[in-house]
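Numbering (the numbering used here), first residue to last: 1 to 150. For reference, the structure is listed below as structure tokens.
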Amino acid sequence: SLQCSAAERLDARPRTEAAPTRSYSRRTMQDLVNSGLKSTVAQAQASARAQNSMDPVKLIASDGSEIILDRRAAMVSGTIKSMLSGPGQFTESQQGEVKFPEINAKILEKTVQYFYYKLRHTNHVGPLPEFKIEPEAALELLMAANFLDT
């Protein structure tokens with residue numbers, strides 16, 4: 001048979017020139033920063049920090065009380081996630097802390113408990129254990145959950 005594949009035709013061509021070689025220079029982080037890629041580098045660093053689950057996050061309630069939690073748990077909140085890893089240079093992403101002047105300590109603590117509950121039971125099969133909410137805190141929790149996008 002006189003038929004051959006394209007790969008066989010390419011292999012059958014006479015080779016007259018060597019393939020051009022490319023040289024790549026290594027660039028340091030400082031070169032990248034100096035070349036105008038500072039925001040891209042900062043975004044990549046924030047994204048890497050966001051994916052590091054051992055990196056703690058500090059949430060600060062309206063009364064100044066602080067709750068330190070695992071970054072994976074904090075990322076349950078869409079609002080916190082965008083503050084810590086979204087585009088731009090939020091102060092929160094650089095410092096790893098988020099202030100909530102509208103949320104009191106009791107409500108913030110309950111929302112953090114929910115973050116861990118959600119993280120633990122995301123792929124749970126079967127009936128979920130109850131997440132108890134005190135009736136007197138329900139409205140404030142609903143408003144906080146809405147704001148935090150959980």
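Ideal Cβ placement from N, Cα and C applies to all residues, glycine included. All values reported here derive from a predicted model rather than from experimental measurement.
Its chain contains Thr111, Phe115, Leu148, Asp149, Thr150 as the residues whose beta carbon lies nearer than 8 Å to that of Ser77, once the 5 sequence neighbours on both sides are disregarded; these appear in chain order.
Here Ile68 is bridged, per DSSP, to Lys58. Val98: member of the beta strand (DSSP E) spanning 97 to 99, first to last residue. Comparing alpha-carbon positions, the option among Glu66, Leu119, Ile107, Val125 lying closest to Pro135 turns out to be Ile107.
Look at Ser77 here: in three-state DSSP terms it is coil, with no helix or strand label. The beta-carbon distance between Gly96 and Asp55, rounded to whole angstroms, is 7 Å. This is short enough to meet the 8 Å contact definition.
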